[in-house]
Each structure stands twice: as C-alpha cells, then as structure tokens.
Amino acid sequence: KKDLTVLMTQLGNHSLVREAERLFEQVGDADIVLYTSLMKMYSRSGDLRAVERCLQRIIAEGMEPDLIVYNTLIDAYGKHGTIAKATRAVSEMLARGLRPDVWTYSTLINLYARHRLLTKVRSCFDEMTERGVIPNITTYNTLIHAFTSSKDLTAAEVAYEQLQDAGLRPNVWTYSSMMKVYLLKQDVDSVRSCFRNMLQQRVRPNIIAYNTLIDALGQARLIEEMEAALLEMRANDVNADAYTYTTLLKVYASVGRISSMEETLQEMREQGATPNLVTWNTLLATYGSLNDVDRVRDTLAEMRADRVRPD
RNA sequence: UUAGGUACAUAUGA
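As numbered in my numbering, residues 157 to 467 make up the first sequence, in order.
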C-alpha cells in the first residue's frame, strides 16, 4: 500500500494509470493518503473527472477530506480546470474548517500565474503574509517563475532578493529559474556567476540547471564553453536528456553547423535518449529554413517511424 | 511505527 502510494504520485502515463488503478482496487481498504496519491496520478494524466470522483469516494466512504486532499484538488483545477472551480474548492475547504497553508497559497499563486493574472499573483502573496502564513522557498520560486513568464524580469530579480532577505536559502530550482531570467536578459555573465554561486553554496546542479546553462551559452554563441559545460555535466554523472540534446541541435543549427547537429542527433540515439516531438520539430524547422525539402521529407518519415505524431 | 500522500525551474514551431 505504501509502495503504491509513492508509485502513483509519479505516474501520468496512460497505460500505467490503468495498471495502478487495478492495484488500487486490489488493495481494497484505501485510506486518505492512498486516495490523495490516486488524485495526483489522475491530475498528472489530465483526467479532472477522475480527480473529482476520488473526492466523492473519500466522502462516500465516510472519510474527512483533509488539507492535502484539497491542495491536490486545487492544483488539479489550476492545471486542467477553471479558476472558478479552484475557487469553489477553496470555499469548500474553508467551510470544512480547513485553513489554507503555505502549499495552498503556493498552489494558488502558481494557478494565477498560469492564467497570466499577475495582479492576482501579487494579491495572493500579500493575503498569505497578512494571514500569517510564511512563504517558503517554493513560494518564492513560484513567484520568480510567474514574473519571468510574464516578462517582468525586474520583478523576478526583486523576488530573488526578497527571499534572501527573508533568510531563505536558494535551492537548485531557484538558481535554475534565475539563470533563465538572466538568459532572457541576454546577460550570459550573470548566468555564469549564478551557476558558480550555486556551486559555491554547495547546491548540486541537476540536469535542468545544466540544460539552462547550456542553452544560455549556446544562445550567446559560446560554443566551446557550451561543450565544456556538457563535458563537466557528464563528469558529474548527470546524463544528458532530450532537453539537452534538443538544445544542442538548436544551437548548432543557429550557427549553421548542420553536420554537428546531425552528429549530435546520432549521439543522442547512441546514448539511448529518445528524440521527442520538440526534437523533431527543431530538425524540421532547421531543414525547412534551409529550403532542404528532401531533408524535411526524410525527417518527417523518420519521425513517423519513431511513432512520434506530428502536431 | 518518529512510515507512505499535495505546490515551483530547462529545449522547437504557430
């Protein structure tokens, strides 16, 4: 039961969801924790109706939905539903005497950010602090991302300062987010120093931090340094993923190094990374911009042979 | 059982 609980929170893949459902029914006496992870699984697979059914079942079986159940529900509405539904879930939660916590507010901030409602993002943060709920590092990371996606890079930098003033320590998510901010400002020096700062603070860069660094160096046309970063990443036992390779393909294409791009695609397959839709689109766009119709045709055929559906 | 459940970051084109 414990294992299934953990497993389900990591699933979103449709065939595995069906498998997990079977196991769930076999377990029988599901508790609220198992139900919550089932909700998250459905949320990840985008099945909002199934998420709602979980809540109904929890109630039908005489259990009291707790704060975590509602936080999961609100997040599901934020990702796949409407703000109105999320707001209703908050009211329902309050009616049950549950108090929104730092997770609830961070979820709501993220929800408003996804809907590009920057004013609501700010008012939600203010409401949180007024009610004595202390923002944590994830709250600030969410804010930084919210400001970044609405192109208010200055606000993102202010939030970064504020989190440190509040005595919080940036984590790898924070550093990656700030590297993206500097990348968008085309300030590769700041990207580099942010990465170094992360190392200095003994925060271990993960694949996302490296990918962001590689993208920034590539966009600055610092090809040698980008390749050095890739080597350093591997030396630290971080394996390149589809994002890494797609970024490399894009960078080589942008500097007209088509053969390097093709070698990289080859290497990608040798390393067992699977080209995805974005990878194929990047290749198609490259050959398309070169008016290389034959290559476009070949690439499209390869893509289909790989069972990737063009969008 | 001092166990298991919820929020945040990276690549393409429109």
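Glycine included, C-beta positions come from ideal geometry on N, C-alpha and C.
I need the straight-line Cα distance from residue i to residue j, nearest angstrom please.
i    : j    : result
K235 : G428 : 31 Å
E380 : N437 : 25 Å
E313 : L267 : 21 Å
M354 : L299 : 19 Å
A176 : T192 : 14 Å
A398 : A461 : 18 Å
A186 : F180 : 8 Å
A302 : C280 : 12 Å
L273 : L250 : 23 Å
S445 : A409 : 10 Å
S199 : R425 : 31 Å
P221 : T260 : 14 Å
K157 : I188 : 12 Å
G218 : S201 : 27 Å
R463 : V225 : 37 Å
Q422 : D467 : 23 Å
L190 : E248 : 21 Å
D321 : T295 : 14 Å
L378 : D448 : 27 Å
E283 : T243 : 15 Å
S306 : T330 : 17 Å
T238 : V183 : 33 Å
F346 : G412 : According to the sequence shown, residue 346 is Ser rather than Phe. Spanning the two alpha carbons is a distance of roughly 26 Å.
P256 : S415 : 55 Å
M519 : V359 : Because the chain in this structure spans residues 157 to 467, residue 519 falls outside the shown range and cannot be described.
P326 : A315 : 11 Å
Closer than 6 Å to a non-hydrogen atom of the ligand SAH - does that hold for the CB of residue i?
i    : result
E419 : This structure does not include the ligand SAH; it has no bound ligands of any sort.
Could you pull the start and end residues of the alpha helix (DSSP H) that residue i belongs to?
i    : result
H236 : 223-236
Q375 : 363-375
S193 : 188-201
R352 : 344-356
D308 : Looking at the DSSP string, D308 is not in any alpha helix (DSSP H), and its letter there is neither H nor E.
R453 : 449-461
A396 : Where A396 is concerned, there is no enclosing alpha helix (DSSP H), given that its DSSP letter is neither H nor E.
V328 : 328-340
V434 : 433-445
With DSSP collapsed to three states, give me the class of residue i.
i    : result
E220 : coil
H271 : coil
D321 : helix
K241 : helix
I290 : coil
Q427 : coil
Q212 : helix
L421 : helix
L254 : coil
L167 : coil
G412 : coil
R174 : helix
K406 : helix
L386 : helix
K157 : coil
D185 : coil
V207 : helix
R278 : helix
L378 : coil
V246 : helix
V162 : helix
Residue j and residue i - do their beta-carbons sit closer together than 7 Å?
i    : j    : result
I363 : V394 : yes
A240 : V207 : no
M417 : L405 : yes
S333 : N367 : no
L339 : A372 : yes
M164 : L194 : yes
V344 : A376 : yes
T420 : L440 : no
T310 : V337 : no
I265 : V277 : yes
I263 : N227 : According to the sequence shown, residue 263 is Thr rather than Ile. Yes, these two residues count as a Cβ contact at 7 Å.
L136 : L223 : Because the chain spans 157 through 467 in this model, residue 136 falls outside it and cannot be assessed.
R451 : Y443 : yes
A385 : V328 : no
M197 : L229 : no
T402 : T435 : yes
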